[in-house]
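Step one of this worksheet: look at the structure below.
In my numbering, the protein residues as written are 4 to 163.
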């Protein structure tokens with residue numbers, strides 16, 4: 004996938020996330036510049052929450068749905084480097100699975116220190132070792148508790 008296609012996919016995911024939060028009655032704001040480690044700000048009952056939007060994608064090499072939990076930067080010598088997010092980066096990660104219009108809302112504390120998260124929209128395969136550090140978000144997505152009380156059901160999202 005080209006850099007342009009990745010950028011387009013990210014833009015589509017951000018727009019879907021914006022529509023999701025607006026449909027739930029939240030005020031959504033966007034930073035003016037692109038140099039933040041968060042993409043959106045939602046106005047919750049208990050204050051503003053910084054939201055980082057990530058696109059769930061299929062990794063052919065690893066045969067799994069995944070998101071990256073790092074931010075990429077280009078140095079002056081045009082070398083790319085990845086940096087893990089920290090507690091000041093954002094409050095909520097919103098992972099968007101575009102094909103199913105599913106939105107996974109994950110508090111920063113749940114992804115702290117991770118480089119990636121694997122998603123199993125069809126459920127976790129039985130052959131995986133139970134102690135493996137993999138979030139089975141298909142079970143968790145309706146039970147994630149966020150202080151701004153954002154709900155996860157996707158039945159309210161229109162098909163495009």
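C-beta: ideal position from N, C-alpha, C; glycine also.
(message) Less than 6 Å between C-beta atoms, sequence neighbours within five positions excluded: which residues of the same chain meet that for residue 17?
(response) 42, 56
(message) Measuring alpha carbon to alpha carbon, tell me which residue in 23, 58, 46 is nearest residue 9.
(response) 58
(message) Taking only three categories from DSSP, how would you classify residue 71?
(response) strand
(request) Taking 8 Å as the cut-off, decide whether the C-beta atoms of residue 118 and residue 87 are in contact. (result) Yes, the Cβ-Cβ distance between residue 118 and residue 87 is below 8 Å.
(message) Judging by CA-CA distance, which residue of 37, 36, 38, 21 is the nearest neighbour of residue 30?
(response) 21
(request) Following the continuous beta strand (DSSP E) through residue 12, name the residue where it begins and the one where it ends. (result) That residue, residue 12, is in no beta strand (DSSP E); its alpha helix (DSSP H) goes 6-26.
(message) Suppose you measure from the CA of residue 82 to the CA of residue 109; what does that come to, to the nearest Å?
(response) 30 Å
(request) Put residue 62 into one of helix, strand or coil per three-state DSSP. (result) strand
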